[in-house]
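Okay, so here's the structure we're looking at.
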Ligand code: MF3
Ligand code: CO
Ligand code: CO
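In our numbering, the protein residues as written are 1 to 269.
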């Protein structure tokens with residue numbers, strides 16, 4: 001077993017060392033590469049189970065382990081959340097239809113390090129409202145990331161995200177949040193995607209966490225279906241999400257899950 005190095009803040013947030021960034025970078029990059037590759041499968045007539053099979057196969061071929069298979073009884077290598085599904089959609093036999101928007105979320109474990117990332121995709125033709133939702137959600141994530149530097153707080157991240165989403169008359173989901181990660185999947189803190197500037201724990205160099213805002217076209221409320229996983233918007237409005245894993249550096253942050261093909265955003269081709 002690895003003896004965990006580094007230290008813990010008073011809020012229970014682990015501070016990793018300089019040398020730990022390389023492992024996170026490799027894991028994050030692999031998860032992002034799989035999200036690059038999976039884009040070719042997203043087309044009307046494909047099932048979400050086929051997409052998951054591809055993810056499962058690639059994780060293995062690349063020498064990593066899926067973090068989600070066996071996690072709290074979850075059985076799949078990805079979460080695939082279509083249209084009004086907010087997150088934790090379970091891959092299955094349902095066919096994608098023209099115009100469906102979907103989030104694919106992949107977490108790999110490589111040499112003990114977790115890489116967790118998700119993006120939006122579209123099957124066929126992207127509708128106008130869906131395009132705006134995806135655009136604003138992606139911008140919100142990047143504005144949250146822009147607030148990541150030592151001395152800022154987690155509230156600064158949430159506030160940046162919330163301000164952008166609400167300025168576009170959309171809503172931030174409150175029921176799910178980002179999380180610390182590193183040699184574990186989910187660790188403190190809860191990274192809220194809303195909040196007030198200057199509140200919450202202070203960011204320090206060496207913190208590793210995800211930012212993964214979920215944004216709804218309608219109201220923010222969600223409910224979890226009887227399968228105990230699938231979260232949907234209560235008003236059945238469309239929902240979008242993007243997720244990056246980041247590490248705080250001396251001056252800002254490093255995004256571990258950047259797309260090797262530079263195709264994080266679907267409309268960037
Ligand atoms: N990858 C998700 C996250 O961003 C967690 C999925 S857990 C699962 O935290 F069990 F639903 F896969
Ligand atoms: Co996550
Ligand atoms: Co994820």
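Glycine included, every Cβ here is placed at the ideal spot set by N, Cα and C.
Given that a residue counts as buried once 16 or more other Cβ atoms are within 10 Å of its Cβ, and exposed if not, what is residue 6? exposed
Contact check, residue 202 vs residue 257, beta carbons under 9 Å: no
Excluding the 5 residues flanking residue 11 on each side, which residues of the same chain have their C-beta closer than 7 Å to its C-beta? 188, 189 and 201
Tell me, please, which residues DSSP counts as bridged to residue 208. 247
Skipping 5 residues on each side, what residues in its chain have a beta carbon closer than 8 Å to that of residue 269? For residue 269, the pLDDT reaches just 43, beneath the cut-off of 50, and the residue's location in the model is therefore unreliable, although a value from the coordinates is still provided. Hits under 8 Å: 263.
Opposite residue 253 in the DSSP bridges: which residues? 248
One question on the structure: do residue 80 and residue 52 come within less than 9 Å of each other, judged by their Cβ atoms? yes
Nearest CA to the CA of residue 265: which residue from 177, 211, 192 and 131? 131
Taking only beta-carbon atoms, is residue 70 less than 9 Å away from chain C? Within the model displayed, chain C is absent; a lone protein chain is all it includes.
I'd like to confirm something about residue 113: is its beta-carbon nearer than 8 Å to some heavy atom of ligand 1, or not? no
Alpha carbon to alpha carbon, what distance is there between residue 167 and residue 63? 43 Å
Within 10 angstroms of its Cβ, does residue 19 collect 16 or more other Cβ (buried), or is it exposed? exposed
Does the contact criterion of 3 or more C-beta pairs under 8 Å hold for the stretch 104-120 versus the stretch 146-163? no
Measure the alpha-carbon distance for residue 125 versus residue 249 and round it to whole angstroms. 40 Å
Do the stretch 92-110 and the stretch 220-236 touch if we need at least three Cβ pairs shorter than 8 Å? no
Within the present structure, is the beta-carbon of residue 74 separated from the nearest heavy atom of ligand 1 by less than 8 Å? yes
When burial is assigned at 16 or more other CB atoms within 10 Å of the CB, is residue 71 buried or exposed? exposed
Are the beta-carbon atoms belonging to residue 107 and residue 68 less than 9 Å from one another? yes
Residue 45 versus residue 123 - alpha carbon distance: 9 Å
Hey, residue 96 and residue 38: beta-carbon distance below 9 Å or not? no
C-alpha distance - residue 128 paired with residue 17, whole-angstrom precision: 44 Å
Would you mind working out which of 225, 77 and 244 sits nearest residue 212, comparing C-alpha positions? 244
Please state whether DSSP places residue 264 in a helix, a strand or coil. coil
Extent of the continuous alpha helix (DSSP H) to which residue 179 belongs: Where residue 179 is concerned, there is no enclosing alpha helix (DSSP H), although the beta strand (DSSP E) it sits in stretches over 178-180.
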